[in-house]
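Top to bottom, those sequences are chains C and D.
26 is the number that the numbering used here gives to position 26 of the first sequence; each next residue is one higher, with no gaps.
630 is the number that the numbering used here gives to position 285 of the second sequence; each next residue is one higher, with no gaps.
There are 2 protein chains.
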Amino acid sequence: MPNDHKMADGIFNKRDTSRVTMTDVGRLAGVTQVTVSRALSHPDKVSKDTLRRIQDAIDATGFVPNAVAGALASKRSNLVSALIPSLTNVVYTSFMATFSQHLRQHGYQVLLSETGFDAASEDALIATHLSRRPDAILLTGIHHSDKARKQLQGAGIPVVEIWDITDDPIDICVGFNHHAAGRAVAEYLKAKGHAFAATITADDERALRRQSAFAERFTALSQSAVPDANTGGTASIGAGREAMAHLIDHSDFRKGAVFCSSDLSAHGAIIELHTRGYKVPQDIAVVGFGDQDFAGDIDPALTTVAVDRLQLGHLAANSVLDKLAGRPTKSVHDLGFKILTRLSA
Amino acid sequence: MPNDHKMADGIFNKRDTSRVTMTDVGRLAGVTQVTVSRALSHPDKVSKDTLRRIQDAIDATGFVPNAVAGALASKRSNLVSALIPSLTNVVYTSFMATFSQHLRQHGYQVLLSETGFDAASEDALIATHLSRRPDAILLTGIHHSDKARKQLQGAGIPVVEIWDITDDPIDICVGFNHHAAGRAVAEYLKAKGHAFAATITADDERALRRQSAFAERFTALSQSAVPDANTGGTASIGAGREAMAHLIDHSDFRKGAVFCSSDLSAHGAIIELHTRGYKVPQDIAVVGFGDQDFAGDIDPALTTVAVDRLQLGHLAANSVLDKLAGRPTKSVHDLGFKILTRLSA
DNA sequence: CTGTTAGCGCTTTCAG
DNA sequence: CTGAAAGCGCTAACAG
């Protein structure tokens, strides 16, 4: 009877296989728990025969290692935290897809969160992430509160800031100069012969920086003011249409070029212009930002500012991996940008 | 001298504040580590005065609790795993945004991964996630390998399958019937008087199920075959254009209606049709799927199949929370769908 | 190649 | 209200 009871509590009858431990596996394979641990992390240090018996025991029990315990003991979580402004903006998620995939190949998992527009909540989110003891952390943008900077520095892990650039990163930054991008578009449009310009901008700190650089430069070159239509929080086709409509109805902008802070709003602007009978680019030219996958597929194909997001993903991931491996790393990576000339401007 | 040395190693000089422990905080506040733990998780069980001293010590040291140790000791990670097919598909990420936000308000963090199209790798990904001992896990779709099902059941945690529906979920499922959706669109288009139809479908198991239900039903109603153009892996505007071009160039489909597996490909189809001089919906009508945010903003506004993603997010999150709290929960939630009639069909 | 011994930094009883 | 003791399941030296 007592034996039967033991059996009922034994590993074969654990309905909850997540509670199977290395000790259980070891017992079944006739070795200690430590050998099981070794078999999993340093298989070369365990004999072929033992390895096989352990593998059998793992299969029989459905053992799934407990990474929480592993992380606590080893002080390495194999977790990389990532904070992006929005989960639904392809510009950020396509970067994340590359970044995660790259890191996954090296055994790291990415803990991804959306920071949203509430800058105040970033601090709390950072603290929550740090409590998981990630091996590295990635942030979007270069503006963070003093408290956040302090916490991040205190964490003693690699910190990567992306999508913008500064001489004074917390640790590493990889991105490009938004001011220079806005300026470059102004010069491009002026060179194309446009005497008037307007902007359509989302409520995003980096977009606003591009816009102001654009307006400043274009005004300097053409002596004409640059009206702006703000789309509010998130760029979208609908917001772009509305902004374009607003520009036409409520400013004296009738011909020239529009610089949009996103390909989405640019697409919306084009739709609105077509609906109203304007020809793009003959009557009004449109420039987007981001080179999203559809930019070349709309009509007319969209002229836009391209940043190599694939390279951004790889560089960010490699910077993390290099730092983690103790290899020397550059702390500032300027990716640059490129104006992709298509038909819309 | 020995004292000085102690100071140099003391908590005030730890550059690495992530190594400040509750013991350090307690020492500074004149209490033991246990009291610090209590102050954080059950503040009501600690005296006002002690609480204040502990709070001061936390501020002074920059202490960030170690959730890894906490999870190991308490067997609760406050982590919820989520696996979605793609990080760049708004249909999934907009759901995730709602889901995470909702869970975050209840103290859970979401560990998000992209499964991609490689069905085989899902198993490995599930195992990796389970090793973090999440308190619950969310999967997209209802088709998982036997091995995966076994592991998931063994984990002894709530499992939510979304975006599809079945009588036999692993635990909980919340979604809608894809077959019924395809069928409903066929009936809608037939009722609109269309005698011919075609489909544009991405390489996605659920999209294919909608397509075959559509084709079967439409053929039954109209006695005419339904040609399909497959866009391959991911739906996009570009893929939609190509597929539409292919349909016109390589099938005898010239008039009628096209049912697309995504609003993106539908948008692409419309652009291609306009480019070729066809009028939508007079010459060819177009129906999308998903009701993405731009659907009403393109020209003509897109008729599409809408699923309430917001409700999906809330229901999925609430199911998890209910289950975790031991409240009774329904295991199958059918969200249904709705054909949104706009101008394109 | 395998085992022993110590923790990792918390939470959870159980005492006082 | 506070403390002492006992782990959670693993990894990291160190022996053998």
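Even glycine gets a Cβ: it sits at the ideal position worked out from N, Cα and C.
This one's a predicted model, so the numbers in the text were calculated from it and none came from an experiment.
One Cα belongs to Asp608 (chain D), the other to Asp636 (chain D), and the distance between them is close to 7 Å. Residue contact with chain C for Gln400 (chain D): absent (no Cβ-Cβ distance below 8 Å to any residue of chain C). Restricting attention to C:Ile58, C:Pro43 and C:Leu79, the CA atom closest to the CA of Asp24 (chain C) is found in C:Ile58. Linking Asp628 (chain D) to Cys605 (chain D) through their CA atoms gives a straight-line distance of about 16 Å.
For Glu114 (chain C), the nearest beta carbon of chain D is closer than 8 Å to its own beta carbon. Taking a contact to require three or more Cβ pairs closer than 8 Å, the stretch 123-138 of chain C and the stretch 76-95 of chain C qualify as touching.
Annotated three-state conformation of Gly232 (chain C) is strand, per DSSP. Listed as beta-bridge partners of Ala257 (chain C) by DSSP are C:Ala197 and C:Ala285. Taking Leu40 (chain C) as reference, the option from C:Ser145, C:Ala269, C:Phe63 and C:Ala301 with the minimal CA-CA separation is C:Phe63.
Around the Cβ of Asp297 (chain C), a 10 Å sphere holds 16 or more other Cβ atoms; the residue is buried. One finds Lys495, Gln496 and Gly499 in chain D with Cβ atoms closer than 7 Å to the Cβ of Gly62 (chain C), taken in chain order.
Membership of Gly461 (chain D) in any beta strand (DSSP E) is not indicated, and neither H nor E is assigned to it by DSSP. In this structure, DSSP gives Asp636 (chain D) a state outside helix and strand, which the three-state scheme calls coil. Taken in chain order, the whole beta strand (DSSP E) runs of length 3 or more contained in the stretch 62-115 of chain C are 79-84 and 109-114. Contact annotation: in the stretch 575-599 of chain D, residues whose CB is within less than 8 Å of a CB in chain C are Ser581, Ile582, Gly583 and Arg586.
Across the structure, Gln378 (chain D) and Met367 (chain D) are spaced so that their CA atoms are roughly 5 Å apart. Looking from the CA of Gln311 (chain C), the closest CA among C:His102, C:Asn66, C:Thr50 and C:Ala67 belongs to C:His102.
Taking the Cβ atoms as the reference, Leu592 (chain D) lies roughly 5 Å from Ala543 (chain D), within the contact range of under 8 Å. Sequence-distant Cβ neighbours of Lys190 (chain C) in its own chain, meaning closer than 7 Å and more than five residues away, are Phe218, Leu221 and Ser222.
Using beta-carbon distances, Thr275 (chain C) counts as an interface residue toward chain D, with a partner under 8 Å.
Taking each of D:Gly501, D:Pro410, D:Ile399 and D:Thr395 in turn and checking the Cα distance to Leu669 (chain D), the smallest one comes out for D:Gly501. For the pair Ala560 (chain D) and Val632 (chain D), the Cα-to-Cα distance works out to about 14 Å. Within its own chain, the residues whose Cβ lies closer than 7 Å to the Cβ of Val391 (chain D), once the five positions on either side in sequence are excluded, are Thr380, Arg383 and Ala384, listed in chain order. Under a criterion of Cβ atoms nearer than 8 Å, the residues of chain C adjacent to Met441 (chain D) are, in order, Leu87. If you ignore the 5 residues before and after Ala239 (chain C), its C-beta comes within less than 7 Å of the C-beta of Thr231, Gly232, Ser265 and Gly268, all in its own chain and listed in chain order. Between the stretch 162-175 of chain C and the stretch 324-336 of chain C, the count of Cβ pairs shorter than 8 Å is three or higher; the stretches touch. Residue-level contact check: Asp297 (chain C) touches chain D, since one or more beta carbons of chain D fall below 8 Å from its beta carbon. No Cβ of chain D is located within less than 8 Å of the beta carbon of Thr166 (chain C). Selection C:Pro65, C:Ile200, C:Thr50 and C:Lys255 evaluated against His194 (chain C) yields C:Lys255 as nearest (Cα-Cα). From the listed residues C:Gly26, C:Thr61, C:Asn66 and C:Ala69, the smallest Cα separation to Leu51 (chain C) is found for C:Gly26. Look at His612 (chain D) here: in three-state DSSP terms it is helix.
Counting the other CB atoms within 10 Å of its CB gives Thr93 (chain C) a total of 16 or more, which places it among the buried residues.
Minimum Cα-Cα distance from Ile684 (chain D) among the listed residues D:Gly658, D:Thr648 and D:Ser664 corresponds to D:Thr648. At a C-beta separation below 8 Å, Ile271 (chain C) has these neighbours in chain D: Asp642, Ile643 and Asp644. Inclusion of Asp512 (chain D) and Ile487 (chain D) in the CB contact set at 8 Å is not warranted, their separation being larger than that value. Going by DSSP, Gly520 (chain D) is part of the beta strand (DSSP E) stretching over Ile517 to Gly520.
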